[in-house]
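Residue numbers (my numbering), protein chains in the order written: chain A, 1167 to 1423; chain B, 16 to 342. Some notes on the structure that comes next.
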């Protein structure tokens, strides 16, 4: 048996990226698990926010809605969505986690629709929700997602939430706040960042047991592979124990592989 | 940054002129008089076909389910709908095919529970008029209206297709020269908001997250409150800092205990995940879904019959225990 599954790996890596004292907006599912794991390991003073208005809860269980009662359990404040988004717009929120049906090489995300006619979509998804705002306004956007070439595409059918738009400086030319943008993409194959100038997605570390061919076969665009990249540090026994026993004892998220 | 400013190509479904709203609010009665009503009466009186409605709460949290069912039961059509985190509320109105134009920030999904097949069918039909937004954009559209302004400048949506299919307009900040997105005020015709406590005049208190309900109440021409319980005006006056919505914004008050069911009501009861799963499951088969809607909405007299069908008070006690993490 494997020591850990890909969901456990992704959550552990995400948790390590949340430093103590940071403020993060999360949704339900894996990002929430990552934030909880971070709090229970190296970042006890990580502040969790939910876009519906929950601030600083001590989560008793995984929420099923970003607005349900769990998101304010023993929380610091229960407020409005506008207030949460205003903290983001004012530059007080460090991280957000987003996902989508498609992501392109500049980290643009699609959670709106598949098809070529917006007014008659082949498949309609929920839309932005708060994703566009969080991607626009928090400092660093993180994405946690399984990697395949249906999801990692040359061009999104619809850009719901901004990554680096067309690369280079285009994100800031569009008017989005300076210094914000996609930060890391964590998948079941590797961890990716972005080229400092072209803003194209670029390999940072490859997971144990994965190959560059795995990336090639599961990416619908040309991934930048630098000469030097790392091998991802595996989850420790302690991280796995906390994740399995405290964060997600029902295996609602980590059982979903 | 000399490039031309871009406008979203979406349609604005509601009037943006704040002077028209001022005139309306000048003439809206502000006497503090009792406003108790019934679900049936308020839907008959306030929901004319074609009006634009807003729903309080967060899709499956603190939602006015009794009202939503009654809108479907009375077969209201061609409504404009603000899809601001619209989950189970959108699912119910989509089941009745009640709306024909929607401001979309979040629709067809029920968050971690999955997507509503029937709502998707409605949104994929090409028959709806839709304009795309983000959650913050819709929150701030309500806020602009609540402030009596025609628009607010914001810094999200820029550069994306969400912006392109919105009705926002790019503007240049007169102070900094920065590019901003102007989002138009959203003044709904009628808002329906479920609260924890309210007096007969409409002074309302909410526990837990507020979402956008303070601004929705200020922005809407009519506000209908359903409340877990009616409290005395003395109780309101004892802790005025707890009043989220003051009486003059409110047109009618209806006492509906367990009124957010099958949604969550913070501090009172958790969502009924089994029943919400039953909704999603029934939608897989159009015939089965028709029977489902007949059983739970069209052939029920009112919301209480619906609660009875789902286990009545015993189920409510279980959901209360779940909410309070007992057992």
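Heads up, the beta-carbon is just placed ideally off N, CA and C, and yes, glycines get one too.
Inter-residue distance for residue 62 of chain B and residue 1235 of chain A is about 31 Å (C-alpha atoms, whole angstroms). Proximity of chain B to residue 1311 of chain A at the Cβ level (cut-off 8 Å) is not reached, the minimal Cβ distance being about 16 Å. When the five nearest sequence neighbours on each side are left out, the beta carbons in the same chain lying within less than 8 Å of the beta carbon of residue 53 of chain B are those of 269, in order along the chain. Inter-residue distance for residue 84 of chain B and residue 76 of chain B is about 16 Å (C-alpha atoms, whole angstroms). Burial state of residue 190 of chain B is exposed, judged by a 10 Å Cβ sphere holding fewer than 16 other Cβ atoms. A distance below 6 Å between beta-carbons, with the five flanking residues on each side excluded, links residue 36 of chain B to the following residues of its chain, in chain order: 202. Using a Cβ-Cβ cut-off of 9 Å, residue 1242 of chain A is close to nothing in chain B; its nearest Cβ partner there is about 13 Å away. At least one beta carbon of chain A lies nearer than 8 Å to the beta carbon of residue 141 of chain B. Under the three-state reduction of DSSP output, residue 220 of chain B falls in the strand class. In this structure, DSSP gives residue 1237 of chain A a helical state, which the three-state scheme calls helix. Within the model, the alpha-carbon separation for residue 313 of chain B versus residue 197 of chain B is close to 42 Å.
Annotation: residue 194 of chain B is outside any alpha helix (DSSP H); the continuous beta strand (DSSP E) that includes it extends over 194 to 199. Within chain A, the residues whose beta carbon sits less than 7 Å from that of residue 155 of chain B are 1248, listed in sequence order. Among the residues of the segment 246 to 274 of chain B, none has a Cβ less than 9 Å away from any Cβ of chain A. For residue 305 of chain B, the enclosing alpha helix (DSSP H) covers residues 301 to 308.
Note on geometry: alpha-carbon atoms of residue 1194 of chain A and residue 1229 of chain A lie some 6 Å from one another.
Bounds of the beta strand (DSSP E) holding residue 1307 of chain A are 1306 to 1310. Identification of residues in the segment 1286 to 1319 of chain A having a C-beta nearer than 9 Å to some C-beta of chain B yields 1286, 1287, 1288, 1289, 1290, 1291, 1292, 1293, 1294, 1295, 1296, 1297, 1298, 1299, 1300, 1301, 1302, 1303, given in sequence order.
Close to chain A, meaning a Cβ-Cβ distance shorter than 7 Å, are the following residues of the segment 97 to 111 of chain B: 100. Within chain B, the C-beta atoms nearer than 7 Å to that of residue 1324 of chain A come from 176, in chain order. For residue 275 of chain B and residue 243 of chain B, the gap between their C-alpha atoms comes out near 8 Å. The C-alpha of residue 1233 of chain A lies about 32 Å from the C-alpha of residue 1283 of chain A. Annotation for residue 143 of chain B: 114, 115, 116, 117, 137 place their beta carbon closer than 8 Å to its own, counting only its chain and skipping 5 residues before and after. For residue 145 of chain B, the enclosing beta strand (DSSP E) stretches over residues 144 to 147. Using a Cβ-Cβ cut-off of 9 Å, residue 219 of chain B is close to nothing in chain A; its nearest Cβ partner there is about 15 Å away.
Per DSSP, residue 1372 of chain A is one residue of the beta strand (DSSP E) stretching across 1367 to 1372. With a cutoff of 8 Å on beta-carbon distance, residue 200 of chain B and residue 151 of chain B are scored as not near each other.
Annotation for residue 212 of chain B: the continuous beta strand (DSSP E) segment containing it runs 205 to 213. Taking a contact as a CB-CB distance under 8 Å, the pair residue 259 of chain B and residue 228 of chain B counts as one, their CB atoms being some 7 Å apart.
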